[in-house]
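Presented below is the structure to which this report refers.
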Amino acid sequence: MVLKVEGLWKSFKTEQVLKDVGFSLQTGEILAIIGRSGSGKTTLLRCINNLVKCDRGSIMVDGIYLCRQVTDANGTKCVYAKGPEQLQIRKRLGMVFQSFNLFPHMSVLENIIEAPVRVFRVPRPEAEEKARRLLAMLELQDKEAAYPFELSGGQKQRVAIARACALNPLVMCLDEPTSALDPELREGIAQTIENLAAQGMGVLLITHDMVFAKRVAHRVIFMEEGEILAEGSKEEFFADINNERIKSFIAG
Ligand SMILES: Nc1ncnc2c1ncn2[C@@H]1O[C@H](COP(=O)(O)OP(=O)(O)O)[C@@H](O)[C@H]1O
Ligand SMILES: [Mg+2]
């Protein structure tokens, strides 16, 4: 198991966005989390990537707790890992944002080596060599000197994936990887995701695109209003959907 989330709660002001969310992700598994816009999917990814602090619950990455729920005489709270452990966890997680979030003033190569060199002190030649290998794997070998504005949507997406792979993460999180792209590019992303999983990464795929989830996921979780309503293997999920709310979502 590379990721385990238990009893996660998060609110923004008065809005309860995540309600007792729990699941686990295995090595090499592609887990799709699907649900309507506003159901809390991005917030869940942001909690896992430590961009948002959760209120209650536990998140464990490769056996290391990012946060864990502790109950004592003062009540129940969520205790976060200290800096060095947070850094260990950061190394194990790759995140590809919906809008890619590439650094606009850096070339493709610089985007990929930024975190390894600056945060993790990887020697520059080593980081560059790894970056070039990733670019070749993603068929971007001729783009290392390009700037993000010179790339198509599909190329930016692949650079964002290369950047997220630069530290050999165990878990790859992708937020709506098809939403900014033309439908023809879907198959290429599906294959890229399958490659990552075949190399042993656990892939957490957030999408509202049912066709894509059906194409690529091994397991599916359905979220609504911050709650998990159903979970199962892809075959189970699409064959046996009894919940009316899920039926209506699938029917569109
Ligand atoms: N930083 C924030 N501050 C306040 N509300 C937020 C914040 N981030 C998300 N929300 C709210 O949380 C809810 C879930 O949002 P989000 O996680 O982005 O859903 P999804 O990704 O499923 O569309 C929405 O109602 C959104 O407005
Ligand atoms: Mg979202």
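Using our numbering, read the sequence shown as starting at 3 and increasing by one per residue.
All residues carry an ideal CB built from backbone N, CA and C; glycine is no exception.
Note that the structure is a prediction, hence the values are computed from the model and not measured.
Examine ligand 2 and report whether any of its heavy atoms sits within less than 6 Å of the Cβ of T44. yes
Curious, which full-length alpha helix (DSSP H) runs of at least 4 residues does the segment 190-238 contain? 212-218
Identify every run of the beta strand (DSSP E) within the segment 107-181, keeping only runs that are complete inside it and at least 3 residues long; order them along the chain. 173-177
Along the chain, where does the beta strand (DSSP E) that runs through R70 open and close? 66-74
With three or more beta-carbon pairs closer than 8 Å as the criterion, would you say the segment 175-185 touches the segment 152-165? yes
Between M3 and F25, what straight-line distance do the alpha-carbon atoms span, to the nearest angstrom? 11 Å
How is the alpha helix (DSSP H) around R247 delimited, first residue to last? 246-253
Quick one: does the C-beta of G40 sit closer than 6 Å to a heavy atom of ligand 1? yes
For V19, is the beta carbon positioned less than 6 Å from some heavy atom of ligand 1? yes
Look up A83 in the DSSP assignment and say whether it is helix, strand or coil. coil
Cα separation between L20 and L10? 7 Å
Restricting to Cα atoms, I'd like to know which of L5, A148, V119, K15 is closest to L104. A148
Assuming the contact rule is C-beta atoms closer than 8 Å, I35 and I208 should be a hit. Round their C-beta distance to whole Å, please. 5 Å
Sequence-distant residues of the same chain with beta carbon closer than 7 Å to K158, five excluded per side: F102, L104, P150
Cα separation between K93 and L169? 6 Å
Could you give the DSSP three-state label for K93: helix, strand or coil? helix
Looking only at DSSP bridge pairs, what is Q18 linked to? S13
Could you give the first and the last residue of the continuous beta strand (DSSP E) run that contains I35? 32-36
How many whole angstroms separate the CB atoms of G204 and V173, which I take to be in contact at a CB cut-off of 8 Å? 5 Å
For P127, count the other beta carbons within 10 Å of its own beta carbon; 16 or more makes it buried, fewer makes it exposed. Which is it? exposed
Along the alpha helix (DSSP H) that carries I50, what are the first and last residues, could you check? 43-50
With the cut-off set at 7 Å, would you say K12 and D74 are in Cβ contact? no
Consider the C-beta atom of E14 and the heavy atoms of ligand 1; say whether any pair is separated by less than 6 Å. The question names Glu, but residue 14 is Phe in the sequence shown. Yes, the beta carbon of F14 sits closer than 6 Å to at least one heavy atom of ligand 1.
How is F240 classed by DSSP in three states: helix, strand or coil? helix
With DSSP as the reference, label L5 as helix, strand or coil. strand
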